[in-house]
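Student: One structure is given below, represented as structure tokens, and several questions about it will come after.
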Amino acid sequence: MLDFYIIDDKQVKPDFPEKAGLVFVGQLDEKTFSSLQQKGIIATQFDYYTDFRLNTALIKQIQQIILDKGFQMDTDIKSFTQILDIASNKQSGLIAYSD
Numbered sequence: 015m016l017d018f019y020i021i022d023d024k025q026v027k028p029d030f031p032e033k034a035g036l037v038f039v040g041q042l043d044e045k046t047f048s049s050l051q052q053k054g055i056i057a058t059q060f061d062y063y064t065d066f067r068l069n070t071a072l073i074k075q076i077q078q079i080i081l082d083k084g085f086q087m088d089t090d091i092k093s094f095t096q097i098l099d100i101a102s103n104k105q106s107g108l109i110a111y112s113d
């Protein structure tokens, strides 16, 4: 699974999210992640098996892409949108850890 945590854009990447006190906000399985990439929601530069970050500006871009493509009701998109919305509401970025 790919676990997402809230992280401030300026915060240094911790090796262990729990030790840094990061808040877990959701997860994606490999099938959903691949589907999101195929639909153009998650850029292909991101790898399911490698940790990565999404800053606040990128989160807003992704949310706009979802709106522009009319994917709001897509099942895979809904699970990811919940994660994005939490980060957006907290005005924070996300960090994803592959386990």
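Read left to right, the sequence shown gives residues 15 to 113 (my numbering). We treat Cβ as the ideally placed atom computed from N, Cα and C, and that holds for glycine.
Closer than 7 angstroms by C-beta to threonine 58: which residues in its own chain qualify, once you throw out the five before and the five after it? Chain order, please.
Tutor: Gln51
Student: Decide yes or no for the touch test of the segment 63 to 79 against the segment 28 to 42: beta carbon pairs closer than 8 angstroms, at least 3 of them.
Tutor: no
Student: Determine the extent of the beta strand (DSSP E) in which phenylalanine 38 is found, giving its start and end residues.
Tutor: 38 to 42
Student: Comparing the CB of leucine 72 with every heavy atom of the ligand PLP, is any distance shorter than 7 angstroms?
Tutor: With respect to the ligand PLP, the structure shown offers nothing to examine, as it has no ligands at all.
Student: Strictly by DSSP, which residues pair up with isoleucine 21?
Tutor: Gly107
Student: Where does phenylalanine 38 land, buried or exposed, given buried means 16+ other C-beta within 10 angstroms?
Tutor: exposed
Student: Which parts of the segment 50 to 88 are runs of the alpha helix (DSSP H), unbroken and 4 residues or longer, counting only runs that do not cross its ends?
Tutor: 70 to 83
Student: Counting only the same chain and skipping the five closest in sequence on each side, list residues whose C-beta sits under 7 angstroms from that of aspartate 90.
Tutor: Thr46, Ser49 and Leu50
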